[in-house]
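Written out as structure tokens, the structure reads:
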């Protein structure tokens, strides 16, 4: 938080919450304008799906499997380490919340990551493995 203070970032713009899980995470996502995941390395972070389920767009880095699910209508991608692009897109997302559809993000999450869908996909994989 000292670094954020030195940059002039303070509440309510930036809040450092520490680790949150379950209902606390859902409540934070619902209160947020969008999710930012500025990582150098990721695989397929579940928090992106959680943000979509809460109807939130995502600003993330173009790493791992993230580009497969964060498309232009669900969020914005920047290159890992490109802080100028991060700031530019943060400002865009703050200034243009209408560019992203909460309803479409929720529908995307439900169609692709609901327990029923994921369970069905796992069942298909298990069946393929067991029938070899």
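Numbering (our numbering), first residue to last: 55 to 186.
Every residue, glycine too, gets a C-beta built ideally from N, C-alpha and C.
What distance in whole Å lies between the Cβ atoms of residue 92 and residue 61, which are believed to be in contact at a cut-off of 8 Å? Actually they do not touch by this definition, with Cβ atoms about 14 Å apart.
If we require 3 or more residues per run, which beta strand (DSSP E) segments fall completely within the region 63-117? 89-91 and 112-115, all fully within the region 63-117.
If you pair each beta-carbon of the region 118-127 with each one of the region 141-149, do three or more pairs fall below 8 Å? In this structure the region 118-127 does not lie against the region 141-149, because fewer than three pairs of beta carbons, one per stretch, are closer than 8 Å.
CB contact flag (residue 105, residue 89, <8 Å): For the pair residue 105 and residue 89, the CB atoms are nearer than the 8 Å cut-off.
Check residue 61 in the structure and name its three-state DSSP category. Residue 61 carries a coil assignment under DSSP once its states are collapsed to helix, strand and coil.
With the cut-off set at 8 Å, would you say residue 151 and residue 107 are in Cβ contact? Contact: no.
Should residue 135 and residue 94 be called a contact, given that it needs their Cβ atoms to be closer than 8 Å? In this structure, residue 135 sits near residue 94, with a CB-CB distance shorter than 8 Å.
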